[in-house]
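Residue numbers (my numbering): 1455 to 1827.
Have a look at this one:
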């Protein structure tokens, strides 16, 4: 990471910690573009400073693009490199890594930047292509090897909480593989454990959601009925975010923050394991619960925050959330990410103010023009 990039991240973090911003000021800070958003183009230039990226990527992508669509390939890649757009397809990011001969760690970082989740080692295809990249082998070799393997049935749910650690076990095994024969044995041995959904993220999702669905603690005198998903969303997760599909008039920052904001339907689908757990939802659940009462979490801390300074509280949440996100294979907090900046600001509240209230106030100010138009 260059000194300029590191300085930008520090400046955005300092603005949260020491800017003494009201929610209205924080909303204006985001809306006015004062957060130096981290871009795909900037990150790729750090990884590959060579001046031939456009030609190398165009030639490489054209090999795997239908001839009728090849005329648009160069324009698409030029838009990526100029910062106008960023790739959102995981396959495109794998192709970029192979074309520019990036490292496995650089591939993981690009995936986190563009899709919120890095290499999913419990996905058989991700695991195979990551191994071939690590061994400096070609994309064609990886594709041919993967095509020779049987498809995985897909383990998308696990009743045993310990099963959510399967990705870490698979990753550790993969790190010791040196030959294709060992890779094939590894793949077949784990065939029934491969899947596309993030089980570790489901584990945390259920922990935090349980706190919101059951408002009364087990020791309460009177037992309350569990809240519905709709009530949980309306009470804890909507936070004044505009609903509906209208996006006209939204700024870039408004679109980034509103994108994938959960609703009752998405939460129900996630509980049924029909959809994956988005990173933004984990952040929201963490803020809604403030990491209180989740004793089953490995990152739960029952120590009070009353005697901590604002800086100490934020640092504590920063460490906890980063550990949780990393455990789920997701991108760590980044002050140059508009959504992350917003959540970090919410964590700077006083002990007598809830993070959710602080977050909802900023959202209310940020989207006021949308509701009024």
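By construction, the Cβ of each residue, glycine as well, lies at the ideal position given by its N, Cα and C atoms.
What you are looking at is a predicted structure, and each value in this text was computed from that prediction instead of being measured.
Within the region 1467-1531, the runs of alpha helix (DSSP H) that reach at least 4 residues and sit entirely inside it are, in chain order, 1477-1485, 1494-1501 and 1507-1517. Of 1628, 1576 and 1640, the smallest CA-CA separation from residue 1589 is found for 1628.
Non-local beta-carbon contacts of residue 1683 in its own chain, meaning distances under 6 Å to residues more than five positions away in sequence, involve 1718, 1721 and 1722 in chain order. By the 16-neighbour rule on beta-carbons within 10 angstroms, residue 1524 is exposed.
DSSP places residue 1569 in the helix class (H, G or I) of the three-state scheme. In the three-state reduction of the DSSP assignment, residue 1609 falls in the coil class. Looking from the CA of residue 1732, the closest CA among 1566, 1647 and 1558 belongs to 1566.
Between residue 1728 and the set 1650, 1645 and 1631, the nearest pair of CA atoms involves 1650. Using a C-beta cut-off of 8 Å, the region 1776-1786 makes no contact with the region 1800-1814, since fewer than three inter-stretch Cβ pairs fall below that distance. Residue state for residue 1809 is assigned as helix, using DSSP reduced to three classes. Taking a cut-off of 8 Å on C-beta distances, the region 1760-1770 does not touch the region 1702-1714, as fewer than three cross pairs fall below it. In the same chain as residue 1475, and ignoring 5 residues on each side of it, the C-beta atoms closer than 8 Å to its own belong to 1469, 1483 and 1799, in chain order.
Rounded to the nearest whole angstrom, the C-alpha separation of residue 1664 and residue 1488 is 37 Å. Here DSSP, grouped into helix, strand and coil, assigns residue 1695 to coil. Across the set 1823, 1792 and 1626, the C-alpha of 1792 shows the shortest separation from the C-alpha of residue 1466. Membership of residue 1720 in the alpha helix (DSSP H) is indicated by the continuous run 1718-1725. Linking residue 1502 to residue 1786 through their CA atoms gives a straight-line distance of about 22 Å. Annotated three-state conformation of residue 1784 is strand, per DSSP.
An exposed status is given to residue 1605, since fewer than 16 other beta-carbon atoms sit within 10 Å of its beta-carbon. Here residue 1715 is near residue 1695, since their CB atoms are less than 7 Å apart.
In this structure, the beta-carbon distance from residue 1583 to residue 1596 falls below 7 Å. Excluding five sequence positions before and after residue 1532, the CB atoms of its chain that fall closer than 7 Å to its own CB belong to 1508, given in chain order. Shown here, residue 1598 sits in a helix according to DSSP, grouped into three states. When the alpha-carbon of residue 1790 is set against those of 1568, 1491 and 1563, the nearest one is in 1491. Per DSSP, residue 1575 lies in no alpha helix (DSSP H) segment and is marked neither H nor E. Just so you know, the alpha carbons of residue 1592 and residue 1573 end up roughly 18 Å apart. Using a Cβ distance threshold of 7 Å, residue 1624 and residue 1576 count as a contacting pair.
Distance between residue 1656 and residue 1477, taken at the CA atoms: about 31 Å. The residues 1531 and 1553, in chain order, have a CB closer than 6 Å to that of residue 1511 in the same chain once the five nearest residues on each side in sequence are set aside.
Put simply, the backbone Cα of residue 1824 is about 26 Å away from that of residue 1568. Distances from the CA of residue 1688 to each of 1540, 1704, 1679 and 1666 were compared; the closest alpha carbon is that of 1666.
For residue 1690 and residue 1725, the gap between their C-alpha atoms comes out near 17 Å.
Remark: C-beta atoms of residue 1654 and residue 1781 approach each other more closely than 7 Å. At the C-beta level, residue 1739 and residue 1662 come within 7 Å of one another. Taken through DSSP and simplified to helix, strand or coil, residue 1820 comes out as helix.
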